[in-house]
Amino acid sequence: MTLSAAAPAGGAIVVLSSSNTAAARVPASVTVSGRSDSCNVTVTTSAVFSSTTVTGLRNLQWRDQVGFANRYGLRLLRPTLSSLTLNPTSVVGGVQSSTGTVTLSAAAPAGGAIVVLSSSNTAAARVPASVTVAAERQLQRSRHH
């Protein structure tokens with residue numbers, strides 16, 4: 003986080019808040035060292051079902067006085083399908099199976115992520131209607147005939 007000017011010699015406290023603590027958690031406050039204009043802030047995020055913007059407020063305080071207050075925003079994106087791979091990629095029809103692996107762009111949110119599957123030729127290849135990637139995971143394997 004960067005201030006518009008250096009903090010006073012004794013430092014400054016910046017009080018932070020989050021509009022959605024289930025999606026993005028911030029510390030209650032951070033201290034900017036004296037004569038510095040920045041400090042690091044760790045924002046802990048959780049997987050989300052749909053893309054969302056988390057907003058918050060920053061209040062600068064020093065010597066029991068409130069300086070500036072301004073808002074910030076952080077956009078959290080939902081995981082998307084990154085890839086679907088099959089192993090092996092060629093099989094003898096009706097005799098062999100292939101295992102599909104669904105990979106998401108990020109960990110699935112609480113409750114998991116459902117990926118809908120379909121086959122362009124169900125006479126040759128049957129796939130489940132969907133697979134669920136478990137919460138906090140990025141991969142799900144499924145056997146196909």
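Residue numbering for the sequence shown follows my numbering, starting at 3 and increasing by one per position.
Every residue, glycine too, gets a C-beta built ideally from N, C-alpha and C.
If we ignore side chains and look at the alpha-carbon of each, how far apart do residue i and residue j end up?
i      : j      : result
Gly96  : Thr105 : 26 Å
Thr134 : Val56  : 27 Å
Leu5   : Asp39  : 5 Å
Leu76  : Ala24  : 13 Å
Check residue i in the structure and name its three-state DSSP category.
i      : result
Leu83  : strand
Asn42  : coil
Asn123 : coil
Val133 : strand
Asn22  : coil
Gln98  : coil
Does residue i pass the burial test, meaning 16 or more other C-beta atoms within 10 Å, or should it be called exposed?
i      : result
Gly102 : buried
Leu59  : exposed
Gln142 : buried
Val34  : buried
Taking the Cβ atom as the reference point for each residue, do residue i and residue j lie within a distance shorter than 7 Å?
i     : j     : result
Val28 : Val16 : no
Comparing the C-beta of residue i with each C-beta of chain D, is any distance below 7 Å?
i     : result
Gly12 : Among the protein chains of the structure shown there is no chain D, as only one such chain exists.
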